[in-house]
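J.: In numbering that gives the first Met the number 0, the protein residues as written are 0 to 191.
The structure's right below; bear with me while I get my questions together.
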Amino acid sequence: MDTVVENKERRIPGVEGIWVFVGADMFFFSVLFVSFMMERGKALAVFESSRQLLNQDIGGINTLILLTSSWFVVLGMRAAKQGKFKKVHGYLFWGILCGLAFVASKAFEYQGKLSSGYTPISNDFFMFYYALTGLHLLHVIAGTIVLFIFYRRAKAGLIGGEGINNLEAGTIYWHMVDLLWIMLFPLLYLLR
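Encoded structure:
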């Protein structure tokens, strides 16, 4: 009895270079995380009293916002792979809205801290807080722009073929942004 085995070529998701970029970006943030922990070890009382000034509820809501955005982006990617291109832009729209909600929430949080006098020069904790969350926020803004570009392409019917690989790369980037926040949230808001 002959068995027919379908020869599916295995490939790494996305386009060339996205994984190098993600790896380099994660390495960069890892260095910042280690620096944070080293400085925290030198001034535990300052870091703990400053951490208590952060709003864990807002941090938790931001986590839910980003996880929800990833869910919509996954649904959009799945729809693209299934050839349901008309659904892609709808899912990406909701992912974009979540990205914008995160940006608005961070702006609200920053405004509250700054108006209370907690600036990047207040102490080492707040220097790290603004540096880490600010860099992450720039990643969210860039990711939201990427999602918007793919939203427009999907709405114009330009996602098929090689466009799916590009969308996949954008999706990988968006998930990296979420992963960074999943690491930042406990590090800054919860670690005692």
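Virtual Cβ for every residue (Gly too), placed ideally from N, Cα, C.
A quick note: this is a predicted structure, and the numbers were derived from the prediction, not measured.
1) What is the DSSP secondary structure of Pro185, counted as helix, strand or coil?
2) Report, in whole angstroms, the separation of the C-beta atoms of Tyr150 and Leu91, which I expect to be a contact under 8 Å.
3) Which one of Met36, Phe28 and Val14 has the shortest CA to CA distance from Leu190?
4) Would you call the CB atoms of Ala168 and Val14 closer than 7 Å?
5) If we call anything under 7 Å between Cβ atoms a contact, is Ala78 one with Ile158?
6) When the distance is taken between beta carbons, is Val87 closer than 7 Å to Gly142?
7) Report back the beta-carbon spacing between Gly98 and Leu146 to the nearest angstrom; my notes put them in contact at under 8 Å.
8) At which residue ranges does the region 133-186 contain complete alpha helix (DSSP H) runs of 4 or more residues, listed in the order of the chain?
9) Can you tell me whether Ala44 is buried or exposed, with buried defined as 16 or more other CB within 10 angstroms of its CB?
10) Taking the CB atoms as reference points, tell me whether Tyr128 and Leu179 lie closer together than 7 Å.
11) Quick check: what's the CA-CA separation for Leu131 versus Ile140?
12) Suppose contacts are defined by Cβ-Cβ distances below 7 Å. Is Leu66 in contact with His135 by that definition?
13) Excluding the 5 residues preceding and the 5 following Lys105 in the sequence, name in chain order all residues of the same chain whose CB lies nearer than 6 Å to its CB.
14) Comparing C-alpha positions only, which one of Pro185, Asp123 and Thr170 sits nearest to Lys41?
15) Following the continuous alpha helix (DSSP H) through Glu38, name the residue where it begins and the one where it ends.
16) CB-CB under 8 Å to Val21, same chain, minus the five flanking residues each way: which ones, in chain order?
17) How should Ile95 be labelled, buried or exposed, when 16 other C-beta atoms within 10 angstroms of its C-beta is the threshold for buried?
18) Going straight from the alpha carbon of Phe101 to that of Gly160, what length do you get?
19) Should Ile120 be labelled buried (16 or more other beta-carbon atoms within 10 Å of its own) or exposed?
T.: Taking the structure as given:
1) Translated into positions along the sequence shown, residue 185 becomes position 186. Helix at Pro185.
2) By 1-based counting over the sequence shown, the position of residue 150 is 151. By 1-based counting over the sequence shown, the position of residue 91 is 92. So it is a contact: roughly 4 Å between Cβ atoms.
3) Within the sequence shown, numbered from 1, the residue matching residue 190 stands at position 191. The shortest Cα separation from Leu190 among Met36, Phe28 and Val14 belongs to Met36.
4) As a first step, residue 168 must be located in the sequence shown, where it is residue number 169. As a first step, residue 14 must be located in the sequence shown, where it is residue number 15. Yes.
5) Taking the sequence shown and counting its residues from 1, the one referred to as residue 78 is at position 79. Taking the sequence shown and counting its residues from 1, the one referred to as residue 158 is at position 159. Contact flag unset, no.
6) As a first step, residue 142 is located in the sequence shown; it is residue number 143 there, counting from the start. As a first step, residue 87 is located in the sequence shown; it is residue number 88 there, counting from the start. Cβ distance not < 7 Å, so Gly142 and Val87 don't count as in contact.
7) Residue 98 sits at position 99 when you count from the first residue of the sequence shown. Residue 146 sits at position 147 when you count from the first residue of the sequence shown. Rounded, the Cβ-Cβ distance is 6 Å, consistent with contact.
8) 161-184
9) As a working mapping, residue 44 is identified with position 45 in the sequence shown. With fewer than 16 Cβ atoms within 10 Å of its Cβ, Ala44 is classed as exposed.
10) Along the sequence shown, read from residue 1 onward, the residue named residue 128 stands at position 129. Along the sequence shown, read from residue 1 onward, the residue named residue 179 stands at position 180. Taking 7 Å as the Cβ cut-off, Tyr128 and Leu179 do not qualify as a contacting pair.
11) Along the sequence shown, read from residue 1 onward, the residue named residue 131 stands at position 132. Along the sequence shown, read from residue 1 onward, the residue named residue 140 stands at position 141. Those two C-alpha atoms are separated by around 14 Å.
12) The sequence position of residue 66 within the sequence shown is 67, counting from 1. The sequence position of residue 135 within the sequence shown is 136, counting from 1. The answer is no: Cβ separation not under 7 Å.
13) As a first step, residue 105 must be located in the sequence shown, where it is residue number 106. So the list reads Leu136, once near-sequence residues are dropped.
14) One-based indexing of the sequence shown puts residue 41 at position 42. The shortest C-alpha separation from Lys41 is found at Asp123.
15) As a position in the sequence shown, residue 38 is number 39, starting the count at 1. The continuous alpha helix (DSSP H) containing Glu38 extends over residues Ile17 to Lys41.
16) Translated into positions along the sequence shown, residue 21 becomes position 22. For Val21, where only same-chain residues beyond five positions count, the Cβ hits under 8 Å are Ile171, Tyr172 and Met175.
17) Translated into the one-based positions of the sequence shown, residue 95 becomes position 96. When all chains shown are included, Ile95 counts as buried.
18) Numbered from 1 along the sequence shown, position 102 holds the residue referred to as residue 101. Numbered from 1 along the sequence shown, position 161 holds the residue referred to as residue 160. Per the coordinates, the alpha-carbon of Phe101 lies some 31 Å from the alpha-carbon of Gly160.
19) In the sequence shown, the residue the question calls residue 120 occupies position 121. It is exposed - the Cβ of Ile120 has fewer than 16 other Cβ atoms within 10 Å.
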